[in-house]
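Just below is one structure, and these are the notes that go with it.
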Amino acid sequence: MKLYAESVARFQGGSPYIYPLYGLGELPQGFARLSAVYGGTYMLDKPDCKVEFDDEGKACGVTSEGETAKCKKVVCDPSYLPDKVKKVGKVFRAIAIMRHAIPNTAESHSVQIMLPQKQLGRRSDMYVFCCSYSHNVASKGKFIAFVSAQAETDNPETELKPGIDLLGPVDELFIDTYDRYEPTNDSSSDNCFISTSYDATTHFESTVMDVLSLYTKITGKTVDLSVDLSAAEDDL
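Numbering (our numbering), first residue to last: 139 to 374.
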């Protein structure tokens with residue numbers, strides 16, 4: 139509740155949430171621009187990336203298309219280093235395309251719903267998120283809803299039904315299963331800093347905590363969010 143109240147007060151608009159126009163793809167784009175300001179290089183769509191290691195087992199570069207970029211540390215998701223992660227579960231996700239807001243939400247164009255595990259008779263919560271054409275993520279008049287939950291059976295349709303039923307009529311519905319992985323390596327020994335797979339939450343709180351943890355492991359410092367980035371923003 140404390141986090142919710144502080145988030146509501148953070149920006150004008152009365153919502154504790156913010157969402158980038160044109161979708162989450164704008165986040166890495168924003169990173170690329172800010173990285174360039176500080177001399178970083180951003181290479182898109184590089185195929186078959188292989189992490190290289192020296193004789194001591196420490197990451198020393200990444201090879202793609204016959205070219206190797208040398209480095210002292212590698213930061214990546216589990217898919218790049220499958221031998222250094224373990225499977226810890228699965229997540230069920232449904233994506234629905236609709237022509238209306240979620241019923242009983244005051245025609246809201248953005249909605250975050252959390253279904254408590256006790257209410258559903260589950261061991262974990264279920265999450266529903268909806269955004270729309272007003273966020274420039276869908277065609278005019280279209281809404282996109284996401285329903286996700288930690289897998290507790292092998293039947294995603296049945297498990298996600300309580301969340302999907304809240305959506306009302308849908309034009310298209312896509313359901314898929316995603317494996318979740320966590321790193322098993324000692325990053326201080328191999329200089330590989332691996333993130334944890336996305337979980338079922340749709341508010342990214344766990345993802346943010348993972349990023350903050352990685353930052354501390356990589357730098358030995360705590361993230362300072364009080365830094366004035368106005369100068370860098372002026373250059374974007």
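Each residue gets a CB set at the ideal place from its N, CA and C atoms; glycine is no exception.
No experiment lies behind these values; they were computed from the predicted model shown.
Beta-carbon gap between residue i and residue j smaller than 9 Å
| i | j | result |
| --- | --- | --- |
| L258 | P300 | yes |
| I332 | S325 | yes |
| Y155 | H273 | no |
| D263 | A207 | no |
| D309 | I235 | yes |
| T340 | S270 | no |
| P158 | G168 | yes |
| S277 | S153 | no |
| V266 | F281 | no |
| G199 | E190 | yes |
| F342 | I233 | no |
| S335 | D317 | yes |
| L350 | T357 | no |
Sequence-distant residues of its chain with Cβ nearer than 6 Å to residue i (five each side left out)
| i | result |
| --- | --- |
| K376 | With the chain covering only 139 through 374, there is no way to say anything about residue 376. |
Residues that DSSP places opposite residue i in a beta bridge
| i | result |
| --- | --- |
| E194 | Answer is none; E194 lacks a bridge partner. |
| E320 | K224 |
| R231 | S286, D314 |
| K188 | T201 |
| M236 | F281 |
First through last residue of the beta strand (DSSP E) which encompasses residue i
| i | result |
| --- | --- |
| E203 | First-last for E203: undefined, no H or E at that position. |
| F281 | 281-288 |
| V249 | 249-253 |
| F169 | Segment 164-175 is the alpha helix (DSSP H) holding F169; no beta strand (DSSP E) there. |
| M264 | 264-270 |
| I332 | 330-332 |
| V275 | Neither: V275 is in no beta strand (DSSP E) and is coded neither H nor E. |
| V213 | 212-214 |
Residue span of the alpha helix (DSSP H) that contains residue i, given as start and end
| i | result |
| --- | --- |
| Q150 | From DSSP, Q150 is part of no alpha helix (DSSP H); its letter is neither H nor E. |
| V346 | 343-357 |
| I302 | 294-303 |
Close Cβ partners of residue i (< 7 Å) along its chain, the five nearest in sequence each way excluded
| i | result |
| --- | --- |
| D314 | R231 |
| Q255 | R261, S262, D263 |
| V223 | P216, Y319, E320, P321, T322, I332 |
| V275 | Y160, G161, C269, I282 |
| S246 | A239 |
| L219 | V189, C330, I332 |
| L305 | A234, M236, I240, A283 |
Cβ-heavy atom distance, residue i to the ligand COA, below 8 Å
| i | result |
| --- | --- |
| V361 | With respect to the ligand COA, the structure offers nothing, as it holds no ligand at all. |
Whole-Å CB distance - residue i paired with residue j, under 8 Å assumed
| i | j | result |
| --- | --- | --- |
| K228 | N329 | About 30 Å separates the two Cβ atoms, so there is no contact after all. |
| V226 | L352 | With 8 Å as the limit, V226 and L352 do not qualify as a contact, their Cβ atoms being about 17 Å apart. |
Neighbourhood of residue i by C-beta, 8 Å cutoff - its chain only, sequence neighbours within 5 removed
| i | result |
| --- | --- |
| G195 | S327, D328 |
| A289 | G227, K228, V229, F230, E297, T315 |
| P185 | S202, E203 |
| D192 | C198 |
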